[in-house]
Amino acid sequence: MLNSLRAKLPDPLRRVLRQVRAATLSLGLPRNREFKQPQSEIDASAAMSIIVAIHDEPEVVERCLSSLERYATKAEVILVDDSSKLDRTVAIVDDFGQRRGWVVIRHSSPKGHSRSCEAGARVATRPYLCLLNSDTVVTPWSWRGVKEVFETDANIAAVGPSTSWAATPQMISIAMHCRHYWTDSQIYGFVEQTLAKGRENRMTDLVEVSGCAFFIRRELWGKLGGFDPNLPDYGNETELCIQLLKQGFRIVWTQEAYIHHLGRQSYGRDGGNAIEQKKRAVGEYIAKKHGQPEQGT
Numbered sequence: 009m010l011n012s013l014r015a016k017l018p019d020p021l022r023r024v025l026r027q028v029r030a031a032t033l034s035l036g037l038p039r040n041r042e043f044k045q046p047q048s049e050i051d052a053s054a055a056m057s058i059i060v061a062i063h064d065e066p067e068v069v070e071r072c073l074s075s076l077e078r079y080a081t082k083a084e085v086i087l088v089d090d091s092s093k094l095d096r097t098v099a100i101v102d103d104f105g106q107r108r109g110w111v112v113i114r115h116s117s118p119k120g121h122s123r124s125c126e127a128g129a130r131v132a133t134r135p136y137l138c139l140l141n142s143d144t145v146v147t148p149w150s151w152r153g154v155k156e157v158f159e160t161d162a163n164i165a166a167v168g169p170s171t172s173w174a175a176t177p178q179m180i181s182i183a184m185h186c187r188h189y190w191t192d193s194q195i196y197g198f199v200e201q202t203l204a205k206g207r208e209n210r211m212t213d214l215v216e217v218s219g220c221a222f223f224i225r226r227e228l229w230g231k232l233g234g235f236d237p238n239l240p241d242y243g244n245e246t247e248l249c250i251q252l253l254k255q256g257f258r259i260v261w262t263q264e265a266y267i268h269h270l271g272r273q274s275y276g277r278d279g280g281n282a283i284e285q286k287k288r289a290v291g292e293y294i295a296k297k298h299g300q301p302e303q304g305t
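Each position in the sequence shown, counted from 1, maps to that position plus 8 in the numbering used here.
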């Protein structure tokens with residue numbers, strides 16, 4: 009009932025209501041504070057090869073790469089520019105690559121998210137791959153929880169952190185409502201508060217984890233050969249997770265890590281109707297291949 013009433017409101021009023029809600033949920037969060045990353049998180053980042061597939065959207069790309077520069081200092085970072093057209097995007101990728109010594113791969117024509125991730129994975133060297141969307145913000149608490157989960161059980165194939173936008177239980181509702189409004193400082197403040205609360209069960213088995221920050225063992229990824237060649241973007245992680253479960257592996261969500269996801273700001277600019285059409289087609293393909301519907305990514 010409430011949702012149907014809200015849908016009838018004029019767009020300007022709905023925007024104001026969303027802003028008021030976000031401001032209320034953000035009370036007490038610092039807007040401009042520096043956060044020191046725990047040494048355990050810095051050390052854990054050394055086990056990660058972070059692959060960022062990029063296709064324009066320079067504002068969100070710069071924000072993502074700035075967060076990696078701050079909080080992934082020991083990680084191997086691989087930037088795959090999937091034929092960006094804007095000079096600013098190209099300049100941002102070049103600047104971070106040269107300044108930080110990150111690997112930069114460029115495609116002369118767009119190949120899609122899946123093929124871009126695979127290109128990055130081919131040159132990765134660390135034990136764990138992080139396939140990271142370019143519309144994310146990593147936090148001081150992005151790596152240790154993931155690494156520890158992998159180390160608890162060799163049968164855990166893929167891990168995902170808590171986040172602000174996903175079609176899986178990983179999404180935290182407060183962060184979802186505020187994801188476009190928070191400064192980086194507010195994101196970090198929220199994560200700090202959330203982790204301080206503690207929970208009894210901070211590791212949960214799922215049928216899939218979101219593709220916004222998809223962690224998988226590099227050796228296993230190599231054996232699988234990457235994503236399904238018929239899935240250039242949507243549904244790629246979903247189909248891969250189905251493969252993993254069929255082979256007896258575990259897929260785990262850790263609540264000891266958080267990576268902020270803006271959502272539909274990188275490869276998701278097709279528009280709502282186009283996205284839904286793609287997802288329906290992907291769901292039909294996966295159902296035909298595996299005999300079960302797509303769960304969403």
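The beta-carbon is built from N, C-alpha and C at its ideal position, and this holds for glycine as well.
Asked: State the start and end residues of the unbroken alpha helix (DSSP H) segment that holds alanine 31.; Found: 19-33
Asked: One question on the structure: do valine 217 and tryptophan 149 come within less than 8 angstroms of each other, judged by their Cβ atoms?; Found: no
Asked: Ends of the beta strand (DSSP E) at proline 169?; Found: 164-170
Asked: Which residues in the same chain as glutamate 49 place their Cβ atom closer than 8 angstroms to its Cβ, once the five residues preceding and following it in sequence are excluded?; Found: Tyr79, Pro148, Trp149, Ser150, Trp151, Arg152
Asked: Helix or strand or just coil, what does DSSP make of leucine 270?; Found: coil
Asked: Counting Cβ pairs closer than 8 angstroms, one from the segment 241-252 and one from the segment 189-205, do we hit at least three?; Found: no
Asked: Assuming glutamine 1 and serine 170 are in contact, meaning their beta carbons sit under 8 angstroms apart, how far apart are those beta carbons, in whole angstroms?; Found: Residue 1 lies beyond the residue range present for the chain, which begins at 9 and ends at 305; the question has no answer from this structure.
Asked: Taking 6 angstroms as the limit between beta carbons, can you name the residues of its chain near phenylalanine 223, skipping five residues before and five after?; Found: Tyr136, Cys138, Val154, Val167
Asked: Verify whether the separation of the beta carbon atoms of serine 53 and threonine 81 is less than 8 angstroms.; Found: yes
Asked: Buried or exposed for proline 18, please, with buried defined as at least 16 other CB atoms from any protein chain shown within 10 angstroms of its CB.; Found: exposed
Asked: Tell me where the beta strand (DSSP E) around phenylalanine 222 begins and ends.; Found: 221-225
Asked: Can you name, in chain order, every residue of its own chain whose Cβ lies under 6 angstroms from the Cβ of alanine 183, other than the five neighbours on each side?; Found: Ser172
Asked: Short of 6 angstroms in beta carbon distance, which residues of its chain neighbour cysteine 125, apart from the five on each side in sequence? Order them along the chain.; Found: Ile59, Ala61, Leu139
Asked: Assuming glutamate 84 and threonine 133 make a contact with CB atoms under 8 angstroms, what is their CB distance in whole Å?; Found: 6 angstroms
Asked: If valine 68 sits next to leucine 87, beta carbons under 8 angstroms apart, how far is it from one beta carbon to the other, in whole angstroms?; Found: Contact flag wrong, Cβ pair sits at about 14 angstroms.
Asked: Note down the Cα distance separating isoleucine 100 from glycine 299, rounded to an integer number of angstroms.; Found: 43 angstroms
Asked: Residue range of the alpha helix (DSSP H) that aspartate 102 falls in?; Found: 95-108
Asked: In this structure, what does DSSP give as the bridge partners for serine 57?; Found: Glu84, Leu137
Asked: Helix, strand or coil: how does DSSP classify isoleucine 182 here?; Found: helix
Asked: Given serine 92, which residues of its chain have a CB within under 7 angstroms of its CB, disregarding the five upstream and five downstream residues?; Found: Ile62, His63, Asp64, Val98
Asked: Hey, histidine 115 and aspartate 89: beta-carbon distance below 8 angstroms or not?; Found: yes
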